[in-house]
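Please read the structure below before turning to the comments.
Number of protein chains: 4
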Amino acid sequence: MNTTSFFSDMLQSIAERGRRFLSLGPARNGDVNPVGTMEALCDTLLSSRGEASGMALAKNILDRWQGFDQDKRRDFMLALLSRFGPDIERLERAIDAYRADPTPKALLEMSMAAEPRRQELIRRLNLAPNGIATLVRMRADLLELKAQNPDLEAVDTDFAHLFGSWFNRGFLVLRPISWSTPADILEKIIRYEAVHHIGGWDELRRRLAPEDRRCFAFFHPQLVDDPLIFVEVALTREMPPNIADLLKEDRAPIRATDATTAVFYSISNCQEGLRGISFGNFLIKQVVEDLRRDLPRLDTFVTLSPVPGFADWLSRERQAETSNALSAADRSRLAALDEPDWADQPEIAAAIQPSLTAAAAWYFLRARNRNGKTVDPVARFHLGNGARLERINFLGDRSERAMRQAHGLMVNYLYKLDDIETNHEAFATRGEVVAAPAIRRLIPADRSSRSLVPGPNVFPPGVRSADAPGRKGDKEFTS
Amino acid sequence: MNTTSFFSDMLQSIAERGRRFLSLGPARNGDVNPVGTMEALCDTLLSSRGEASGMALAKNILDRWQGFDQDKRRDFMLALLSRFGPDIERLERAIDAYRADPTPKALLEMSMAAEPRRQELIRRLNLAPNGIATLVRMRADLLELKAQNPDLEAVDTDFAHLFGSWFNRGFLVLRPISWSTPADILEKIIRYEAVHHIGGWDELRRRLAPEDRRCFAFFHPQLVDDPLIFVEVALTREMPPNIADLLKEDRAPIRATDATTAVFYSISNCQEGLRGISFGNFLIKQVVEDLRRDLPRLDTFVTLSPVPGFADWLSRERQAETSNALSAADRSRLAALDEPDWADQPEIAAAIQPSLTAAAAWYFLRARNRNGKTVDPVARFHLGNGARLERINFLGDRSERAMRQAHGLMVNYLYKLDDIETNHEAFATRGEVVAAPAIRRLIPADRSSRSLVPGPNVFPPGVRSADAPGRKGDKEFTS
Amino acid sequence: MNTTSFFSDMLQSIAERGRRFLSLGPARNGDVNPVGTMEALCDTLLSSRGEASGMALAKNILDRWQGFDQDKRRDFMLALLSRFGPDIERLERAIDAYRADPTPKALLEMSMAAEPRRQELIRRLNLAPNGIATLVRMRADLLELKAQNPDLEAVDTDFAHLFGSWFNRGFLVLRPISWSTPADILEKIIRYEAVHHIGGWDELRRRLAPEDRRCFAFFHPQLVDDPLIFVEVALTREMPPNIADLLKEDRAPIRATDATTAVFYSISNCQEGLRGISFGNFLIKQVVEDLRRDLPRLDTFVTLSPVPGFADWLSRERQAETSNALSAADRSRLAALDEPDWADQPEIAAAIQPSLTAAAAWYFLRARNRNGKTVDPVARFHLGNGARLERINFLGDRSERAMRQAHGLMVNYLYKLDDIETNHEAFATRGEVVAAPAIRRLIPADRSSRSLVPGPNVFPPGVRSADAPGRKGDKEFTS
Amino acid sequence: MNTTSFFSDMLQSIAERGRRFLSLGPARNGDVNPVGTMEALCDTLLSSRGEASGMALAKNILDRWQGFDQDKRRDFMLALLSRFGPDIERLERAIDAYRADPTPKALLEMSMAAEPRRQELIRRLNLAPNGIATLVRMRADLLELKAQNPDLEAVDTDFAHLFGSWFNRGFLVLRPISWSTPADILEKIIRYEAVHHIGGWDELRRRLAPEDRRCFAFFHPQLVDDPLIFVEVALTREMPPNIADLLKEDRAPIRATDATTAVFYSISNCQEGLRGISFGNFLIKQVVEDLRRDLPRLDTFVTLSPVPGFADWLSRERQAETSNALSAADRSRLAALDEPDWADQPEIAAAIQPSLTAAAAWYFLRARNRNGKTVDPVARFHLGNGARLERINFLGDRSERAMRQAHGLMVNYLYKLDDIETNHEAFATRGEVVAAPAIRRLIPADRSSRSLVPGPNVFPPGVRSADAPGRKGDKEFTS
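Residue numbers (UniProt numbering), protein chains in the order written: chain A, 1 to 479; chain B, 1 to 479; chain C, 1 to 479; chain D, 1 to 479.
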């Protein structure tokens, strides 16, 4: 018998006793006022002091929530906003006392009074067996609701606050994923892969079993068989210019000990409900350390990454009346992009390449979104981690999605451990993009002054900022 | 190589790179103003965004703290109080805005502005390799400092708040401790045992190896080989009246499958720095479930517990001019307690027994401390968990400590799973002590009205309330 | 890093040093006389006393063998027969000495002299890293060669002798196979399944993941991720009459705790090279004990098994001039079996059923092969284990193979723990087939005297006896 | 619950069913003819084919044996000798047939007929739960009985033969022993340590916990918590000249990464019943590989070893009328050895040192026992493994035992991986002792011709040859 399931059975059994004590029926949807009932249960949970009844209440609330439809879920979130915020009377008294005499004690009371009651509520919901998994789903839901109900930001802040504590990187465990990983975890890898689709078990095997492939994931002790984020790695002898060669079916693996280069070619966040709780950058650094230890000959650590914002940006630049990014000649040459199948015609492709690559250099080095930031979300992730933009790969990915999003471009970001902190600092504090000289040279000297005017935003109006990795709908945020 | 140490090496290596980037020397004590330097480092950590430098800073701060003497540690805590509380300017603006227009957004800003900055600071300190262990020690220190500096309560509140999240019971793992447990954990069991001293490895073996003995501990994933709390269990055929028989060297073990009764005869908290973060009551319930599953014939779950507050209370009652608890006859008979070796003289002991037992019944059922609560801390713990006071055992423990603290009395608390919630509710909300009829009958009818006058407090003035389990100095709080 | 692979790397490294010492080149096939070289290497290995050189030699020999084609492999086996048998001179001397004076010492020398030298050789080959896996493959090969070279029986006897020691049941580990088993093991389950083909990962998941399905395998410590034999189990509420219902895609699982019956519906031997080293009967008994412990409500343990020898036997009986098994009426009714699609025509099927079932009863209870044994190999396995023939299921399996081999019949064998030894004894010593009364009644009284004349053998001439489970070609031997 | 114990419970349960079937009472000693009963049970076991009854019989036989006193155990072994040898009639027939026509088939029958029946019997006894542990104890017993009953050699040969297969090095698992190893294993380390006594848990901790100490053991999968052999290692900066410095209580550990030298200062065989089944030399080589991998700076691997045969040999040489080993001057100087406390008197010790060291050089390089082999058993072990005699350490061990056995001498043997095979070959085939030049130079040129006359044997008459490591009584054989 499995320890985890044994433990979880035991918790179920304790919760069950509490349920009988509370005379709670199973969660039902036939209530006249189900959300009202939920609020009452939450009040009881907040005032409860018994262990078993607390667990039973938490379980009951989460079970009910899972039975809710979207409307009831929204109403429940709005109730968390309005009814489980700070205790207003206590807060008013605390403000009065503090303003009267700002002693440390008055300040402490202020801090405590200002804490929304739902923080403690969420903490207690976590007592339910497997509570954390449901709470993560609850927040995934909340992130969608927030788009229509901006006030729910306050509720989300509390979820994010607690998740930040619970998913503190100190708690995370890095585990290799291989062909000898349990199948129930592997099927999640297939499902969560967001960058380069995995077509089934045979394809998964090709990504995990060969000696020159690696995969690593972060796990949390309470989500034992559900990865939080994972990265796929290819071991090669050089920095790869395209994805097709890495993934092709009939390639011959090299010996791991012959590899000099580790290529991070896919990073996927798994849990939408943990958006904004960052572990990605830590993941890459730990994997680098791990690989270096295991394979001392490795000396180069790079990504092979998509450029998801490029085609939209380029389209806008091409349509704009004036563009710093594109010369008239470039515009004219790039017109060929509108032809279907341009990529299959070597002459046309060759003609497009210099202009497209130069535009990409501008896109990374000069273009900024309306917040003054680097346009490309994947670029923001890796540059923010301290990587450097190393190479632009023309037609690096011929998949339909890559052609649509990036006219087939891919890039390599280089992780050089000794430069990571310096690069990070440059990007985080001064917005400087560290790039290889060959990329810098792609920007003509006459246009090399820093563009002061933000370019058009890569995201159409109405869509929320994509600063947070893990955009809704495709879970992808990187590589 | 051990996974944990491998992982921890990897973190050290990442932190090391950060250290070089920051040009941090190793922690030294030769600074002119070491606490000032610490404050500066804390400011930097709070504003830092780099991973490696964050880890390096956190490690550096914790290393320095470990080198501090008591004076510097106090100054550092006072700095956390005064310099890392809420951002006062932001808070004032938030109050003004909220009073002007109490929108959800203004309220959210209030909540955020009122949160002390040291919460985030402590969270970031946890990034250091093994940070949590140092933070737990830091709080143990803080609990001592608080006695002289009551304002530090605000700092302690933040530690306790974060520990409440990090040591959320959902994260704890119950593990059996046996003679096949790693020796480095077993030596901690020897050290942490707080109720019935373990004299060495041979004695430990007698408590763990026989078939009719069990031990269980809660662990936290980040404190892999350091238990948080543990309970020792004897499997017997009846509720035991004294500790000597349970622990004697030459007893013959019974077969585990023949046992009907599980006796919790020692519960020890291990981490002073986690005082008030309760897991004890949960521990007992999980162990009960676990034992029932493994040994279905078990039908009785009791403790054999000390009565640490009894002798002090009785002494006060005997010295008081009037006492509801003691009749004149009792007082006179109990005078024999002042003779040394009374317990060795069967006739004297027999004469004392009825009065002493009756006084104990009063002590549990009627006596209240200045906060209106049950006097005995161990009783508060078990009754608060929903146990019932089952039997008073005259001369249940002849050890020097037990004779001094309780004139040798021990008691059994009974854990009956189906009554736990009801008992708990009665005690928690109405202060009712649930006890076996035989104990209730020990209170003479003419004094059976509920005592309205609080008895003398068991704790001398100036000592803090013992509500929190785990009183300083002996780590013990129960059994 | 995985412990096993670490250990195996270490052995490789030790073997490598030995290789350099021996100045052995890598195994090549360009030798003028590769088998001769092998013999020389084997001689050296037998006389070697160095550890590292022994490992290097063993590895070199096994590597060379793997490069051999079938002719060279046969020649190598013949060399094992002729050159690595007992030392003839020593044996002759030992016989002379023993006949002269049969002392214990002379007898000991006889025993030692009569032991073929290849036994020690095989033992030393096992020193090579992963040697045992290669030796198991070598014997699989040998079993094929034996058909053409009956003298190789002597070599096979030595392999079987050593495998009997190495795969002694005391060394085997029973492990549950589930959807959380490592994928590299699961893909072997797909490949080794010999009774009811597994079409891919989705089908495997349906056999492992539902709550009412179980699978168990025996493993050997030196073949860590390669099962030796496995059994698939369905938990049901009744003894199932056909396989289709058990395996259908859209069935609703029942709760494991509601099940009363465990159905062993597929048992597959995995290693052809271990044929005749029996662990199957032990497997079933251990799985029964394991299931009973985990699910105390289970009270019935049955198989749902194929009848692979039935159609051949029936065809012979139908063609024979006279048959005790079939009456004239039966013969006439069974003529309909020759029509294609008879099973799809309810009326025809209904007409066939009584005669077919009665013939099957005769097949199990009366028919004997030329060795005087029960004809059906699966029956021999389960009856030999102490099971009882419980029910004959008309059209229990409509698959092409089952229609061809058994006209669609399946049977249930019942494992009743308290009767196992008695049943086994009856079958093993007296050849009695223990069957349910309903099956016994299918034999008409006038033909109920025991058939003394062996029926026609179920196996065509030229094919070796199928006594050993695991017939070549389909690996299947049971269920 | 522990997997191993679960599995073992399951086997007990299966054996129990068999016991009931066989109507076996529990093993008792009240039989009129207990050994006769045992023989009958063994006959039954050999002819049994049922699984459960086989296990039950095996368990019953082993249980009875454990209840036997020494006389009955001897009689049982004699019965194994006389009643369970080869089947004499079959053997005679096989000899006749073979002599008539020596076909491969006749030879095969010869081999099979000559195999003692007790081999299969022992194999079947291994079916009992924990059977192997009892069989190992049985052989420990047998080794003692053999001294009085030389004919039992034939029985021992069969035990050794099977143990050789079962404890084949391929099955052994190397596991580090540390302060985080389970206490039940550690207490066995304390008990089994045979070279430098471990006084208790505190001393054990000093040998395991410091960063510059290591310990490794071989385990067998069926003897999960019982080591077979273990070695203790100190990591140092130089080859150590004495044991006291390595083991002293208050030494300051060095950092493991600073060490250049690994010192094997104690190797203990744990199981007397496995005497002669060698794993020691494999252990050292695997530990060397393991340490090199973990600590690449290590470049020297040496032992610090006792010289257990030296004092006896020297005493004989001193008493002999003539001695090649000792000059008259040496004899006269060595007379001081007879004074008690000579070692405490620096001047006397200084006078003795040159003669004693030179005598030791002779002892290792020239002296041979009556079998023509190196006298010292520890030297035979390490030189046979391919080590070289590196240094003789005067007063390397001042313990009472070392003073008595070796006048306090210790030596270092050097394991240089690249020379191991050559050294081994030189020693094994030509009897050459490879030693450091400084040791060779201790032999005066005029006596440097190879001594042809074997010196007096190190073992008094009547004691069996000590070729096998692990002499009875102290279990020690090396370091």
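Glycine is no exception: its CB is placed at the ideal position from the N, C-alpha and C atoms. Model, not experiment: these values are computed from the prediction.
| Query | Result |
| --- | --- |
| Beta strand (DSSP E) segments (min. 3 residues) lying fully within the region 294–356 of chain C | 300–303 |
| 8 angstroms Cβ cutoff met for L204(C) and F218(C) | no |
| Local conformation of A262(D) per DSSP, three classes | strand |
| Chain A within 8 angstroms of F6(C), Cβ atoms only | With a pLDDT of only 47 at F6(C), under the threshold of 50, the placement of this residue in the model should not be trusted, and no figure is reported. |
| Per-residue burial, R251(B) [other beta carbons within 10 Å of its own, 16 or more giving buried] | exposed |
| Three CB pairs or more closer than 8 angstroms across the region 348–366 of chain C and the region 436–443 of chain C | yes |
| First and last residue of the uninterrupted beta strand (DSSP E) at I392(B) | 388–393 |
| Cβ-based neighbour list, L291(D), same chain, cut-off 6 angstroms, excluding 5 preceding and 5 following | A262, L298 |
| Buried versus exposed, by CB contacts within 10 Å (16 or more), A113(C) | buried |
| Integer-rounded CB distance, given that P129(C) should sit under 8 angstroms from P86(C) | Rounded, the Cβ-Cβ distance is 30 angstroms, inconsistent with contact. |
| Spatial neighbours of Q353(C) in its chain, beta-carbon cut-off 6 angstroms, leaving aside the 5 residues before and after | F394 |
| Every unbroken alpha helix (DSSP H) inside the region 113–182 of chain C [4 residues or more] | 117–125, 131–148, 153–166 |
| CB contact below 8 angstroms: L228(A) versus chain B | no |
| Segment contact, 8 angstroms Cβ cut-off, at least three pairs: the region 271–281 of chain B with the region 140–160 of chain B | yes |
| Under 8 angstroms between C-beta atoms of L152(C) and M77(C) | yes |
| Proximity winner among D341(D), E317(D), E339(D), relative to D330(D) (alpha-carbon distances) | E317(D) |
| R124(C) CB to nearest heavy atom of the ligand FAD below 7 angstroms | The ligand FAD is not part of this structure, which contains no ligands at all. |
| Members of the region 128–144 of chain D near chain C, C-beta cut-off 7 angstroms | G131, I132 |
| Alpha-carbon to alpha-carbon, A259(D) and L135(C) | 42 angstroms |
| Interface residues of chain C facing T357(D) [CB-CB closer than 9 angstroms] | None at all; the shortest Cβ gap to chain C is about 31 angstroms. |
| Coarse secondary structure for T374(B), derived from DSSP in three states | strand |
| Close Cβ partners of H196(C) (< 6 angstroms) along its chain, the five nearest in sequence each way excluded | S266 |
| Cβ separation of T44(B) and L57(B), assumed to be a contact under 8 angstroms, to the nearest whole Å | 6 angstroms |
| Anticipated Cβ contact below 8 angstroms, V434(A) with D376(A), distance rounded | The Cβ separation is near 15 angstroms, so there is no contact. |
| Among Y363(A), P340(A), L334(A), R366(A), nearest to A351(A) - alpha-carbon criterion | L334(A) |
| Rounded C-alpha distance that separates L91(B) from A349(A) | 59 angstroms |
| is_contact[G170(D), chain C] using C-beta, thresh 8 angstroms | yes |
| Neighbour-count burial assignment, G386(A), 16 or more Cβ in a 10 Å radius | buried |
| E425(C) - DSSP class collapsed to helix/strand/coil | helix |
| CB contact check: A79(C) to chain D, cutoff 8 angstroms | no |
| Best match in F427(B), K416(B), E144(B) for proximity to D71(B) [C-alpha to C-alpha] | E144(B) |
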